[in-house]
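If you want the UniProt record's numbering, it's the 1-based position in the sequence shown plus 1.
Written out below as structure tokens is the structure these notes cover.
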Amino acid sequence: VASASTGSAARDGWSSRSAFILAAIGAAVGLGNIWRFPTLAGESGGGAFVFFYIACVFLLGLPLVLSEVFIGRAGQTDAVGSIKKVARDSGASESWSIFGAVGAMAAFLILSFYSVVAGWVLYYVGVMGADLLGAIAAGEPFRGALAGESQEAIQGRMGNLFASPGLLLAMHLVFMGGTLFIVARGIGSGIEKAATWLMPAFFVLLVGITIYGAFVGDMGDAIAFLFTPDWSKLTPAVMNSALGQALFSLSLGVAGLITYGSYINEGSKLGSTSATIAIADTSVALLAGLMIFPIVFAVGLDPAAGPTLVFQTLPFAFQSMPAGALIGFLFFVLILVAAITSSISLLEVPTAYGIGERGWSRRQSALIFGGGAFVVGIACLLGYNVWADVRLLGFWPLFAETDILDTIDGFTGKVMLPLGALLTSVFIGWKADRKMVQEVTGLEGPMFAIWRFLIAWLCPLAVTIILITGLFPAVL
Ligand code: PFF
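Below you can see the structure in the form of structure tokens.
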């Protein structure tokens, strides 16, 4: 039955079910939760976006999480090899494995800009860390952040960073180097170990800063903003971005969970495992909202500030808050921790592909793909200064105005992730052998029927709609 490992005996794997869950939550929880989600919720007017997002997570995201974990669990090798195996065992064409390759490519591209954005976080860890040290040296460890700096000066820090290719490059290098180091060490002693240390630290920080926000910030306004739906704000564009955000946040469509699932080598309750991942990821996004918005509202800042909300708005807010220097520093450490447990999963997807399909060693494969993503990331960061005029896909109206980083972010998020999710749902809903699916997932009775309906009908339909509205906004 499904409990015996079919992979080679030498293959690395998770030490337990909870290790897998922790690593998968680490992959899911990242910049998407703490930077992208509050940004989008703020820009889209709050409540209606949040409710639609939650619906997307549970109706589309959760069935897809289970599908990806199933493929990996059944395949026991990299994404391309795992899909081939499930296809073979189901009497379907092996060319379905193309979505594993597209996924690995998407993961590689996302990693390239993810590392650049994480580099900004690293820079702010440095800025706030230096400020905290200064506060301690001055005998005022509990003072506000960046004491004495004007609002313009604080917000200008981001512009200064963007204007400096050298600084951006240094941060990107350090972050990618750390990611590569962990992935090169493998599953058990690299990725699992990182997750078991970093995720608990992450949760303590998240809950701690949220409680702090509840005391010193404006929790009432934040709750009203996030949970009072104004349905008139739920435009097709907002639905589109909520759907895209659900895929991004759950790490779907890039074969990440296929890859992580392939390291499960004992029978496992995949249904409840998948639900745990989806619930944890969504709770973290909501908690991040409840951490950030009370602070934003307390100092009367604009929740719709956009991508700079976290980097420009919050440091200013921390200036006027008690212990702002300390909490501000911890806040950026929190984001950095979340980012690294996600970036390692992004690098693991192509790395596993190189090992499984090309026969490379783990180190060699991690170095090739990590190095490649580093180079692509350099183009992204130059897009803020020397290459500011470059429009990679300028011929395409959707990307006519976007810089290099936003173009790669937009192309992966609006095209590649939905495409990967669409192919996954069609493959699992219509091609994979039902008996095998039922046996490996362990889903029974009505749960299986509901899941099948969602994956075979709702996902393909809804995701096709995102793809079309994403690619051709004119149809809206
Ligand atoms: N889910 C991550 C986040 O929310 O930040 C981003 C991500 C990680 C996407 C890993 C895809 C992936 F394979």
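Idealized CB from N, CA, C, for every residue including glycine.
- Run of the alpha helix (DSSP H) containing Lys86, from where it starts to where it stops: Counting along the chain, the unbroken alpha helix (DSSP H) around Lys86 starts and ends at Ala80 to Ser91.
Okay, do the stretch 328-341 and the stretch 256-263 touch, 3+ Cβ pairs below 8 angstroms being the bar?
No contact exists between the stretch 328-341 and the stretch 256-263.
- Nearest to Phe294 (by Cα), restricted to the options Ala24, Ala20 and Thr40: Nearest of Ala24, Ala20 and Thr40 to Phe294, Cα basis: Thr40.
In three-state terms, what does DSSP make of Leu162?
Under the three-state reduction of DSSP output, Leu162 falls in the helix class.
Among Pro461, Leu23 and Ala223, the one whose alpha carbon lies nearest that of Asp282: Looking at Pro461, Leu23 and Ala223, the one whose alpha-carbon comes closest to that of Asp282 is Leu23.
Reference Pro447, options Gly191, Gly272 and Phe176, closest by Cα: Among Gly191, Gly272 and Phe176, the Cα nearest to that of Pro447 is on Gly272.
| request: Have a look at Ala20 and Met200 and give me their C-alpha separation to the nearest angstrom. | output: Going from the Cα of Ala20 to the Cα of Met200 covers about 11 angstroms.
| field | Beta-carbon gap between Thr314 and Leu331 smaller than 8 angstroms | value | Contact: no.
query = Three or more beta-carbon pairs under 8 angstroms between the stretch 359-376 and the stretch 50-69, yes or no?
reply = Flag = no, the stretch 359-376 and the stretch 50-69 do not touch.
Inset, instruction - Classify Gly167 as buried or exposed, calling it buried when 16 or more other Cβ atoms lie within 10 Å of its own Cβ. - result: Answer is exposed; the Cβ neighbour count stays below 16.
*asked:* Please report the distance separating the alpha-carbon of Leu244 from that of Ala139.
replied: Those two C-alpha atoms are separated by around 48 angstroms.
Just verifying my parser: in three-state terms, what is the DSSP assignment at Ile265? DSSP places Ile265 in coil when its eight states are reduced to three.
(message) Just verifying my parser: in three-state terms, what is the DSSP assignment at Tyr213?
(response) DSSP places Tyr213 in helix when its eight states are reduced to three.
Item to complete: Reducing DSSP to helix, strand and coil, say where Thr236 ends up.
Response: Note: Thr236 maps to coil in three-state DSSP.
Original post:
Is it right to say Gly46 is buried, meaning 16 or more other beta carbons lie within 10 angstroms of its own, or is it exposed?
Top reply: Taking all protein chains shown into account, Gly46 has 16 or more neighbouring C-beta atoms within 10 Å of its C-beta and is therefore buried.
Next item on the list: With a cut-off of 8 angstroms on the beta carbons, I'd call Cys460 and Leu65 a contact; round off their distance for me.
Entry: That belief holds up - the Cβ atoms of Cys460 and Leu65 are roughly 6 angstroms apart, short of 8 angstroms.
inquiry  = Is the beta carbon of Leu418 closer than 8 angstroms to that of Gly157?
reply    = Remark: C-beta atoms of Gly157 and Leu418 do not approach each other more closely than 8 angstroms.
Compute the minimum distance between the beta carbon of Asn34 and the heavy atoms of the ligand PFF, and state whether it is under 7 angstroms. Correct: Asn34 has its Cβ closer than 7 angstroms to the ligand PFF.
(request) Count the other C-beta atoms from every protein chain shown that fall within 10 angstroms of the C-beta of Ala286, then say buried if there are 16 or more, exposed otherwise. (result) The residue is buried, with at least 16 neighbouring Cβ atoms inside 10 Å.
Taking 8 angstroms as the cut-off, does the stretch 395-404 touch the stretch 185-200 (at least 3 CB pairs, one atom from each stretch)? The stretch 185-200 vs the stretch 395-404: no contact.
**Study point:** Classification of Lys436 by the beta-carbon crowding that lies within 10 angstroms, buried from 16 upward
**Key:** In this structure Lys436 is exposed. Its beta-carbon is surrounded by fewer than 16 other beta-carbon atoms within 10 angstroms.
(Q) Using a Cβ-Cβ cutoff of less than 6 angstroms, which residues in the same chain neighbour Ala25 once the five nearest sequence positions on both sides are dropped? (A) Same-chain partners within the cutoff: Tyr261 and Ile278.
Check: If we count the other Cβ atoms within 10 Å of its Cβ and call it buried at 16 or more, is Ala29 buried or exposed?
Finding: When all chains shown are included, Ala29 counts as buried.
- Rounded to whole angstroms, what's the CA-CA distance from Ile84 to Phe176? Just pull it up for me. Roughly 31 angstroms separates the two Cα atoms.
What residue ranges within the stretch 32-85 form continuous beta strand (DSSP E) runs of no fewer than 3 residues, ordered along the chain?
-> Correct list: empty.
Assigned secondary structure, Ser17 (DSSP; H/G/I helix, E/B strand, else coil)
Residue state, collapsed to three classes: coil.
* Whole-angstrom distance between Val103 and Ser284, CA atom to CA atom -> Cα to Cα, the separation comes out at about 29 angstroms.
I'd like to know whether the C-beta atoms of Phe375 and Pro351 end up nearer to each other than 8 angstroms. Their beta carbons are not under 8 angstroms apart, which means Phe375 does not touch Pro351 by this criterion.
- Item | Per-residue DSSP class, three states only, for Lys270 | Note: Lys270 maps to coil in three-state DSSP.
| request: Give every residue of the same chain whose Cβ lies closer than 7 angstroms to the Cβ of Phe182, excluding the five residues on either side of it in the sequence, and list them in chain order. | output: Listed in chain order, the non-local C-beta contacts of Phe182 below 7 angstroms within the same chain number zero, local neighbours out to five positions each way being set aside.
| task | Would you kindly check if the distance between the Cβ of Glu358 and the Cβ of Gly82 is under 8 angstroms? | result | For the pair Gly82 and Glu358, the CB atoms are nearer than the 8 angstroms cut-off.
In whole angstroms, give me the CA-to-CA distance for Gly411 and Glu141.
If I take the Cα positions, the gap works out to 44 angstroms.
### Query
Do Pro316 and Ala164 have their C-beta atoms within less than 8 angstroms of each other?
Inclusion of Pro316 and Ala164 in the CB contact set at 8 angstroms is not warranted, their separation being larger than that value.
(Q) Is Ile188 near the ligand PFF - that is, is its Cβ less than 7 angstroms away from at least one heavy atom of it? (A) Incorrect: Ile188 has no Cβ contact closer than 7 angstroms to the ligand PFF.
- prompt: Taking one C-beta from the stretch 126-138 and one from the stretch 417-431 each time, how about it: are there three or more such pairs within less than 8 angstroms?
  reply: Flag = no, the stretch 126-138 and the stretch 417-431 do not touch.
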